[in-house]
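In order, the protein sequence lines correspond to chains A and B.
79 is the number that numbering that gives the first Met the number 0 gives to position 80 of the first sequence; each next residue is one higher, with no gaps.
93 is the number that numbering that gives the first Met the number 0 gives to position 94 of the second sequence; each next residue is one higher, with no gaps.
For each residue, glycine too, the CB sits at the ideal point set by N, CA and C.
First up is the structure itself, then whatever we jot down about it.
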Amino acid sequence: MNKELLEYTLRLGDNALILGQRLAEWCGHGPILEQDIALSNIALDHLGQARMLLNYAAEQQGEGFTEDKVAFFRDVFEYHNLLILELENGDWGKTICRQFLFDTFNYFLYTDLLQSKDETIRSVAQKAIKEISYHAQWSAEWLIRLGDGTEESHTRVQSSLNDLWEWTGEMLTPDAVDDAMLEAGIGADLNSIKERWHQKVDQILELAKLEKPSGEWMQSGGKQGDHTEYLGFVLAEMQHIPRMHPEAKW
Amino acid sequence: MQQEEQIWQWLEEVSDPEIPVLTVVDLGVIRAVEYLDEHWRISITPTYSGCPAMNEIEANILEKLKQEGIDDAQVKMVLSPAWTTDWMTEKGKQKLQDYGIAPPEGSSADKSVLFGEAKKVTCPHCKSRDTELISQFGSTACKSLYKCHDCKEPFDYFKCL
Ligand SMILES: [Zn+2]
Numbered sequence: 000m001n002k003e004l005l006e007y008t009l010r011l012g013d014n015a016l017i018l019g020q021r022l023a024e025w026c027g028h029g030p031i032l033e034q035d036i037a038l039s040n041i042a043l044d045h046l047g048q049a050r051m052l053l054n055y056a057a058e059q060q061g062e063g064f065t066e067d068k069v070a071f072f073r074d075v076f077e078y079h080n081l082l083i084l085e086l087e088n089g090d091w092g093k094t095i096c097r098q099f100l101f102d103t104f105n106y107f108l109y110t111d112l113l114q115s116k117d118e119t120i121r122s123v124a125q126k127a128i129k130e131i132s133y134h135a136q137w138s139a140e141w142l143i144r145l146g147d148g149t150e151e152s153h154t155r156v157q158s159s160l161n162d163l164w165e166w167t168g169e170m171l172t173p174d175a176v177d178d179a180m181l182e183a184g185i186g187a188d189l190n191s192i193k194e195r196w197h198q199k200v201d202q203i204l205e206l207a208k209l210e211k212p213s214g215e216w217m218q219s220g221g222k223q224g225d226h227t228e229y230l231g232f233v234l235a236e237m238q239h240i241p242r243m244h245p246e247a248k249w
Numbered sequence: 000m001q002q003e004e005q006i007w008q009w010l011e012e013v014s015d016p017e018i019p020v021l022t023v024v025d026l027g028v029i030r031a032v033e034y035l036d037e038h039w040r041i042s043i044t045p046t047y048s049g050c051p052a053m054n055e056i057e058a059n060i061l062e063k064l065k066q067e068g069i070d071d072a073q074v075k076m077v078l079s080p081a082w083t084t085d086w087m088t089e090k091g092k093q094k095l096q097d098y099g100i101a102p103p104e105g106s107s108a109d110k111s112v113l114f115g116e117a118k119k120v121t122c123p124h125c126k127s128r129d130t131e132l133i134s135q136f137g138s139t140a141c142k143s144l145y146k147c148h149d150c151k152e153p154f155d156y157f158k159c160l
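Right, dumping it as structure tokens:
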């Protein structure tokens with residue numbers, strides 16, 4: 000078993016699973032019906048991507064592992080998602096803002112993963128990239144609508160952007176696992192993604208009449224398993240039924 | 000191989016759980032029908048990653064084959080090459096149109112989706128081109144919601160993927 004490949008797979012899968020779980024909280028609470036449906040659909044896309052990736056993580060670990068076991072029987076410190084994805088949703092503006100910052104990153108990441116030398120990761124990327132393109136378009140349009148909207152929507156979304164900024168560094172900063180996977184031709188080059196991400200973010204923020212935060216200090220740790228207190232609550236809700244009834248079947 | 004053709008015909012009778020006018024063959028999700036190690040194996044591919052209908056499609060295929068006397072068939076999920084709307088048959092597109100859902104227009108290779116303009120789609124009711132996107136995400140993950148300025152009806156558009 001290749002430890003770096005397993006961790007890289009879990010990072011991709013956990014990003015999709017935790018974001019999908021967070022977005023599902025909006026189901027029934029969206030500001031208007033169409034957008035409630037939109038977010039639920041986006042959540043479902045992430046959940047589907049998570050299933051393919053966690054299934055692959057289970058395969059790598061061998062006998063006795065399944066996608067369900069990987070999702071429901073790991074604890075906080077064994078999760079490898081980005082911290083920004085486990086934060087509370089906040090208001091509509093904050094959810095949109097996080098979505099835009101992450102979707103833009105995810106779009107460039109999966110574009111690069113189309114070239115991965117790992118067959119399964121490449122196949123998942125081929126499946127996911129078009130869905131992710133729709134997400135990125137949707138959240139960019141909403142950011143523009145809110146940023147260039149009323150005084151109230153502008154103020155709120157600018158304040159969310161300022162709050163979320165320190166959580167963006169982690170996705171664009173490679174660590175030893177990223178380096179090893181890049182070297183193996185399996186993972187993406189985060190330094191190159193960082194450049195493209197900033198370009199796209201600058202372009203959309205300008206259209207949205209929002210100011211790019213200048214803070215340089217960044218949070219980190221999620222990829223390596225050091226999480227905020229929020230992840231425990233997400234996992235508790237997601238995992239309590241399979242843990243209470245481990246053999247339960249639909 | 001006669002029985003292989005027969006199985007394809009049976010699969011033509013298995014409908015999509017979310018869009019019942021389409022069969023799984025119209026939808027283009029059947030990747031292969033093969034006889035391997037003394038079992039029939041049907042390879043299927045998901046339309047959307049999170050498509051909740053895939054488990055039901057699998058169950059419906061097995062059920063249909065069982066009815067026809069094949070008890071030990073297997074369904075295998077394959078991811079690559081990824082399904083695109085180009086895999087939908089022309090017959091399938093026509094059925095969608097008749098059902099009131101605008102079929103995917105143009106090739107899935109169209110990259111304008113990213114930060115691009117919304118696509119112009121023909122109204123399946125009155126054929127007007129004067130339509131407007133209401134929401135990129137419609138009643139299911141594979142559809143967007145449009146409205147027609149001529150006949151004033153809303154309609155679903157099967158997204159190009
Ligand atoms: Zn019309």
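Once DSSP output is grouped into helix, strand and coil, what is the label at residue i?
i              : result
residue 196(A) : helix
residue 19(B)  : coil
residue 241(A) : helix
residue 113(B) : Any reading at residue 113(B) must be qualified, since the residue scores a pLDDT of 45, below 50, and its modelled position is unreliable; no value is offered.
residue 158(A) : helix
residue 101(A) : helix
residue 51(A)  : helix
residue 30(B)  : strand
residue 73(B)  : strand
residue 157(B) : strand
residue 31(A)  : coil
residue 279(A) : Since the first residue shown for chain A is 0 and the last is 249, residue 279(A) is missing from the structure and cannot be characterised.
residue 187(A) : coil
residue 81(B)  : coil
residue 108(B) : Note that residue 108(B) scores 49 on pLDDT, short of 50, meaning its location in the model is unreliable; the coordinates nonetheless yield the value given after this. Residue state, collapsed to three classes: coil.
residue 164(A) : helix
residue 162(B) : No information on residue 162(B) is available, as it lies outside the stretch 0 to 160 that chain B covers here.
residue 140(B) : coil
residue 59(B)  : helix
residue 174(A) : coil
Using DSSP bridges, identify the partner residues of residue i.
i              : result
residue 259(A) : Nothing can be reported for residue 259(A): it is not among the residues displayed for chain A, which extend from 0 to 249.
residue 35(B)  : 38(B)
residue 131(B) : 146(B)
residue 14(B)  : 22(B)
residue 101(B) : 156(B)
residue 95(A)  : The partner list for residue 95(A) (beta bridge, DSSP) is empty, contrary to what the question assumes.
residue 43(B)  : 29(B), 76(B)
Does the beta carbon of residue i fall short of 7 Å from some heavy atom of ligand 1?
i              : result
residue 85(B)  : no
residue 33(A)  : no
residue 12(B)  : no
residue 159(A) : no
residue 131(B) : no
residue 62(A)  : no
residue 104(B) : no
residue 97(B)  : no
residue 127(B) : yes
residue 149(B) : yes
residue 152(B) : yes
Going by C-alpha to C-alpha distance, which of the options sits closest to residue i?
i              : options                        : result
residue 17(A)  : 72(A), 25(A), 81(A)            : 81(A)
residue 145(A) : 92(A), 7(A), 173(A)            : 92(A)
residue 111(A) : 76(A), 141(A), 191(A)          : 191(A)
residue 124(A) : 13(B), 79(B), 43(B)            : 79(B)
residue 217(A) : 116(A), 158(A), 165(A)         : 165(A)
residue 5(A)   : 114(A), 98(A), 179(A), 139(A)  : 179(A)
residue 137(B) : 54(A), 161(A), 40(A), 225(A)   : 40(A)
residue 131(B) : 140(B), 139(B), 155(B), 141(B) : 155(B)
residue 141(B) : 239(A), 103(A), 44(A), 157(A)  : 44(A)
residue 11(A)  : 226(A), 228(A), 230(A), 222(A) : 222(A)
residue 7(A)   : 244(A), 170(A), 208(A), 235(A) : 170(A)
residue 13(B)  : 101(B), 96(B), 25(B)           : 25(B)
residue 6(B)   : 129(B), 42(B), 82(B)           : 42(B)
residue 127(B) : 33(B), 150(B), 20(B), 84(B)    : 150(B)
residue 36(B)  : 144(B), 71(B), 83(B)           : 71(B)
residue 60(B)  : 84(B), 83(B), 15(B), 103(B)    : 15(B)
Would the beta-carbon of residue i be found less than 7 Å away from any heavy atom of ligand 3?
i              : result
residue 124(B) : Ligand 3 is not part of the structure shown, which contains ligand 1 as its ligands.
Can you find a C-beta in chain E that's less than 8 Å from the C-beta of residue i?
i             : result
residue 36(A) : The chain inventory of the structure shown lacks chain E, comprising the protein chains A and B.
* If you scan the segment 35-92 of chain A from start to end, which runs of the alpha helix (DSSP H) of 4 or more residues do you find wholly inside it? -> If only uninterrupted alpha helix (DSSP H) runs of at least 4 residues are considered, those enclosed by the segment 35-92 of chain A are 66-71, 82-85.
* Asked: Which whole runs of the beta strand (DSSP E) in the segment 199-229 of chain A are 3 residues long or more, in chain order?
  -> Here no run is fully enclosed.
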